[in-house]
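Enquirer:
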Amino acid sequence: PNTDEECLGTSELDVEKGLKMRKWVLSGILASEEAYLSHLEALLLPMKPLKAAATTSQPMLTLQQIETIFFKVPELHEIHKDFYDGLLPRVQQWSHRQCVGDLFQKLASQLGVYRAFVDNYKVAVETAEKCCQANSQFAEISENLKVKSAKEGKDQNAKNSLESLLYKPVDRVTRSTLVLHDLLKHTPSTHPDHPLLQDALRISQNFLSSINEEITPRRQSMTVKKGENRQLLRDQFMVELVEGSRKLRHVFLFTDLLLCAKLKKQTGGQGQQYDCKWYIPLADVTFQTIDESESSPVPQIPEEEIDAMKVKISQIKNEIQREKRVCKGGKVLDRLRKKLCEQESLLLLISPCMAFRVSNRNGKGYTFLISSDYEREEWREIIREQQKKCFKSFSLTSLELQMLTNSCVKLQTVHNVPLTINKEDDESTGLYGFLNVIVHSATGLKQSLNLYCTLEVDTFGYFVNKAKTRVYRDTTEPNWNEEFEIELEGSQTLRLLCYSKVRHCRDDGENMDRIMAKGQIQLDPQSLQGKDWQRTVISMNGIEVKLSMRFTSREFSLKRMPSRKQSGVFGVKIGAVTKREHSKVPLIVRQCVEEIERRGMEEVGIYRVSGVATDIQALKAAFDANNKDVSVMMSEMDVNAIAGTLKLYFRELPEPLFTDELYANFTEGIALSDSVAKESCMLNLLLSLPEPNLLTFLFLLDHLKRVAENESVNKMSFHNLATVFGPTLLRPSEKDSKIPSNPTQPISMSDSWSLEVMSQVTTKQY
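In full-length UniProt numbering, the protein residues as written are 1 to 766.
1. For residue 438, report the span of its beta strand (DSSP E) as first-last.
2. Quick check on residue 230: does DSSP put it in helix, strand or coil?
3. For residue 206 and residue 262, what's the separation of their Cα atoms in angstroms?
4. In three-state DSSP terms, what is residue 603?
5. Do the stretch 132-146 and the stretch 104-119 touch if we need at least three Cβ pairs shorter than 8 Å?
6. Quick one, which of 114, 458, 184 and 347 has its alpha-carbon nearest residue 312's?
7. Across the stretch 392-412 and the stretch 454-464, are there enough close Cβ pairs to call them in contact, namely three or more that are closer than 8 Å?
8. Quick one: what's got a C-beta closer than 7 Å to residue 199's C-beta in the same chain, skipping five residues either side?
9. Where residue 466 and residue 605 are concerned, what is the direct C-alpha to C-alpha distance, given to the nearest angstrom?
10. Which same chain residues end up closer than 7 Å to residue 343 when comparing Cβ atoms and leaving out the 5 residues on each side of it in sequence?
11. I need the straight-line Cα distance from residue 553 to residue 535, nearest angstrom please.
12. When you compare only the Cα positions, how much space is there between residue 575 and residue 593?
13. From what residue to what residue does the beta strand (DSSP E) around residue 327 run?
14. Rounding to the nearest angstrom, what Cα-Cα distance links residue 622 and residue 437 in this structure?
15. May I ask which residues mark the beginning and end of the beta strand (DSSP E) holding residue 480?
16. Work out the CA separation of residue 539 and residue 306 for me, nearest whole Å.
17. Given residue 21, which residues of its chain have a CB within under 7 Å of its CB, disregarding the five upstream and five downstream residues?
18. Given this structure, state the Cα-to-Cα distance separating residue 570 from residue 653, to the nearest angstrom.
19. Using only alpha-carbon positions, find the residue among 684, 496, 258 and 651 that is nearest to residue 665.
20. Got a sec, what are the start and stop residues for the beta strand (DSSP E) residue 389 sits in?
21. With respect to the alpha helix (DSSP H) encompassing residue 190, which residues constitute its N-terminal and C-terminal limits?
22. Would you identify the three-state DSSP class for residue 625, choosing helix, strand or coil?
23. Which full runs of the alpha helix (DSSP H) of 4+ residues lie inside the stretch 73-101, going along the chain?
24. Going by other Cβ atoms of all chains shown within 10 Å of its Cβ, with 16 needed for buried, is residue 681 buried or exposed?
25. Please report the distance separating the alpha-carbon of residue 170 from that of residue 230.
26. Along the chain, where does the beta strand (DSSP E) that runs through residue 540 open and close?
27. Are the beta-carbon atoms belonging to residue 496 and residue 607 less than 8 Å from one another?
28. If you reduce the DSSP assignment to three classes, tell me which class residue 450 lands in.
29. Determine the DSSP secondary structure at residue 20, reduced to helix, strand or coil.
30. Going by other Cβ atoms of all chains shown within 10 Å of its Cβ, with 16 needed for buried, is residue 473 buried or exposed?
31. Leaving out five residues before and five after residue 46 in sequence, what residues of the same chain have Cβ atoms less than 6 Å from its Cβ?
32. Should residue 625 go down as buried or exposed, given a rule of 16 or more other Cβ atoms within 10 Å for buried?
33. Among the residues of its own chain, which have a CB less than 7 Å from the CB of residue 376, if the five just before and after it don't count?
34. Got a sec? Which residues, its chain only, sit under 6 Å from residue 508 by beta carbon, not counting five neighbours each side?
35. From what residue to what residue does the beta strand (DSSP E) around residue 250 run?
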């Protein structure tokens, strides 16, 4: 094939797409102009009768007051009416060569009227306020100005206040450069409009910068050094807790203030817009102490809700992948993507539960919810660092605040809510499988402390604590040398936090220990593909922590390898083990359960938090060798290692506990819509299991029910336990499994089914 021709074809296609976008942008501008004109007309509507009344013996307002309040509004209406009347027919008779640049150039040349309006704006608002106080009739009129809406199904005469309408031109002028940016972006440089639009943009930018300087008061309480501009340091989507409800916010940290904004719903042609919810000058920001924040506890979302949502997201992703293989696009794919976006947005809203509380100088507190101690510490660090620069307190006028909020659209560095739907199809969606991590040692600490580390990985858009080393006491060079096996669900980043242990502990379990250092590394699929351990160092604040990592893909980790040693218990059929032991339930299951029930029922995250991998492997070897001292070994080990050994036993069975043969029946049974039929089917399927499998499962089920009874302490509900055990106990055989070879492939449908089956089974009181 001719590569040059292909490139030419692609280039022409891009131009074609760009020109189509140009029309859509212009259509959006038209709709926006129409709405703006209706606002200006609503302002002009009372002006004529007020002027007529001003010449009577009982005037509502004087002519001077009317002139001040409605200053330059008629001129602005005329300018934009001319612009709209010129643009409308050109868009209606559209062709790709259609020119509109002259209209935008003319509009930019008339920005002087806006200068006069903005100079008078403060006086206009103050005059209107005084007139409202002096005249109740005018106050009534100014609160009920009717704006006509051209949109179908909308209130034809929506009510607006005089103050909100007077602000519309100010808002309009601050947005003028954004509109031109959009249009220029989709106008080819060869198009006749390009130089005209560039000229209009230049005029608008110069005008806007002069306006910004004039409306920013030059006063002693300026928060930045003379000549220094306010800069954006960081922005992030966060969840704010407002009167017990979770609200999605976009938080902007500037060099002198913290601003919390709400992203407005996007309407045709307008792009993103923000509403300011509140701001605090950095000089006034304080972090609430634990005692102060205890009066407003964080409402907890049941983990089963979060897990159920993950399953739903996984199912939708699988449907999207199937639909892509069938066809490249279409309405079905669009509908699935919309559905995915809704579910991921909801998950992002309900998942974080760690409080990050800030207060202003009057003591008013605001609470954000985040998922990771790492992020909370980052925000605290950057705010404290900036506060050292000796800023003074200040307040912003409503105009300054609005202009700052408008500027957030251009300044934002985080443009989308962090969802997988925002990522391109060819972008890696992370790793699925198991990551073995050895935390070796730390160096660079200046004083002897009691130290431990925690490991976090991202899963479904937020970070989860997955493992914790033991506390290494009174040292500057801890040598943990502990190995953990961490399950990855689309993970891209591993975070490590190093803590100094303190004696006090909060009743609600929130960590009071001091973070000494924190760091993160990207999980690169390429470098982790080999079977060898990868050694790495995380450097953080002068402290270095040495790690080793090894990744096992989901495809490989799900292969059930038969044991080479049939006298052992791991990888040996459950029937063979019980027959040899003359038992109804394998001894390994009984012993692990007994030890967990002896001292692990109140362990937070039992079965979910990883045990030390070296301990698990030592226990596995002892059970396989029929070591008589295995009970003594278990009594001296961390209880999470025992839970990990029990999970490993079920995972390494050559056939899952619910058997290969019955897998299809279970998945069909769970799909039944009638709850009674579903329950009956589940019970019958369980009773058809081989006797060792059934008795072992019932023994395990009784144990899991007792674990769940301690949910208020251990945070492990039935559904959480089903999440852990489901994919292990119920899984298709290798020949039936459609597990892809790609280790970054999302969770398979079989995982979703098994989780749901296990959840159904554990909640029935058999």
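All C-beta atoms, glycine included, are put in the ideal place defined by N, C-alpha and C.
Expert: The relevant details are as follows:
1. Taking the first residue of the sequence shown as position 1, residue 438 is located at position 438. First-last of the beta strand (DSSP E) with residue 438: 431-443.
2. One-based indexing of the sequence shown puts residue 230 at position 230. Three-state result, residue 230: coil.
3. Here the question's residue 206 lines up with position 206 in the sequence shown. Here the question's residue 262 lines up with position 262 in the sequence shown. Each residue's alpha carbon lies about 29 Å from the other.
4. Within the sequence shown, numbered from 1, the residue matching residue 603 stands at position 603. DSSP places residue 603 in coil when its eight states are reduced to three.
5. no
6. As a first step, residue 312 must be located in the sequence shown, where it is residue number 312. Among 114, 458, 184 and 347, the Cα nearest to that of residue 312 is on 347.
7. no
8. Residue 199 sits at position 199 when you count from the first residue of the sequence shown. Cβ within range, chain order: 105.
9. The sequence position of residue 466 within the sequence shown is 466, counting from 1. The sequence position of residue 605 within the sequence shown is 605, counting from 1. Their backbone Cα atoms lie some 10 Å apart in a straight line.
10. By one-based count along the sequence shown, residue 343 stands at place 343. Closer than 7 Å at the Cβ level, and outside the excluded window around residue 343, lie 309, 312, 313 and 316.
11. The residue labelled residue 553 in the question sits at position 553 within the sequence shown. The residue labelled residue 535 in the question sits at position 535 within the sequence shown. If I take the Cα positions, the gap works out to 19 Å.
12. What you label residue 575 is simply residue 575 of the sequence shown in a count that begins at 1. What you label residue 593 is simply residue 593 of the sequence shown in a count that begins at 1. So the alpha carbons of these two residues sit roughly 19 Å apart.
13. The sequence position of residue 327 within the sequence shown is 327, counting from 1. From DSSP, residue 327 is part of no beta strand (DSSP E); its letter is neither H nor E.
14. On the sequence shown, residue 622 is found 622 positions in, with the first residue counted as 1. On the sequence shown, residue 437 is found 437 positions in, with the first residue counted as 1. Spanning the two alpha carbons is a distance of roughly 23 Å.
15. Numbered from its first residue, the sequence shown carries residue 480 at position 480. Its beta strand (DSSP E) spans residues 479-491.
16. Translated into the one-based positions of the sequence shown, residue 306 becomes position 306. Translated into the one-based positions of the sequence shown, residue 539 becomes position 539. Cα to Cα, the separation comes out at about 33 Å.
17. Taking the sequence shown and counting its residues from 1, one reaches residue 21 at position 21. 186, listed in sequence order.
18. The residue you call residue 570 lines up with position 570 of the sequence shown. The residue you call residue 653 lines up with position 653 of the sequence shown. Approximately 7 Å between the Cα atoms of the pair.
19. In the sequence shown, counting from the first residue as 1, residue 665 sits at position 665. Checking every option, the nearest Cα to that of residue 665 belongs to 684.
20. Residue numbering aside, residue 389 sits at position 389 when the sequence shown is read from its first letter. Careful: residue 389 lies outside any beta strand (DSSP E) and carries neither H nor E.
21. Along the sequence shown, read from residue 1 onward, the residue named residue 190 stands at position 190. No alpha helix (DSSP H) contains residue 190, which DSSP labels as neither H nor E.
22. Sequence index remark: in the sequence shown, residue 625 carries index 625 (1-based). It is coil, neither helix nor strand.
23. 73-92
24. Numbered from 1 along the sequence shown, position 681 holds the residue referred to as residue 681. Per the 10 Å Cβ criterion, buried.
25. Within the sequence shown, numbered from 1, the residue matching residue 170 stands at position 170. Within the sequence shown, numbered from 1, the residue matching residue 230 stands at position 230. In a straight line, the C-alpha of residue 170 is about 20 Å away from that of residue 230.
26. Numbered from 1 along the sequence shown, position 540 holds the residue referred to as residue 540. Note, residue 540: beta strand (DSSP E), 534-540.
27. Residue mapping note: residue 496 aligns to position 496 of the sequence shown, counting from 1. Residue mapping note: residue 607 aligns to position 607 of the sequence shown, counting from 1. Result no, Cβ atoms of residue 496 and residue 607 do not sit closer than 8 Å.
28. In the sequence shown, residue 450 corresponds to position 450, counting from 1. Strand at residue 450.
29. Here residue 20 refers to the residue found at position 20 when the sequence shown is read from its first residue. Here residue 20 sits in helix by DSSP.
30. Within the sequence shown, residue 473 is the residue found at index 473, counting from 1. Residue 473 comes out exposed.
31. For the purposes of this step, residue 46 is taken as residue 46 along the sequence shown, with counting starting at 1. Cβ within range, chain order: 141.
32. Within the sequence shown, the letter at position 625 stands for residue 625. By the 10 Å Cβ count, residue 625 comes out exposed.
33. Mapped onto the sequence shown, residue 376 falls at position 376. Result list for residue 376: 354, 356 and 370, in chain order.
34. As a first step, residue 508 is located in the sequence shown; it is residue number 508 there, counting from the start. Here residue 508 scores only 42 on pLDDT, less than 50, and its place in the model is too uncertain to base an answer on.
35. Here residue 250 corresponds to residue number 250 of the sequence shown, with the count starting at 1. Here the beta strand (DSSP E) through residue 250 covers 245-254.
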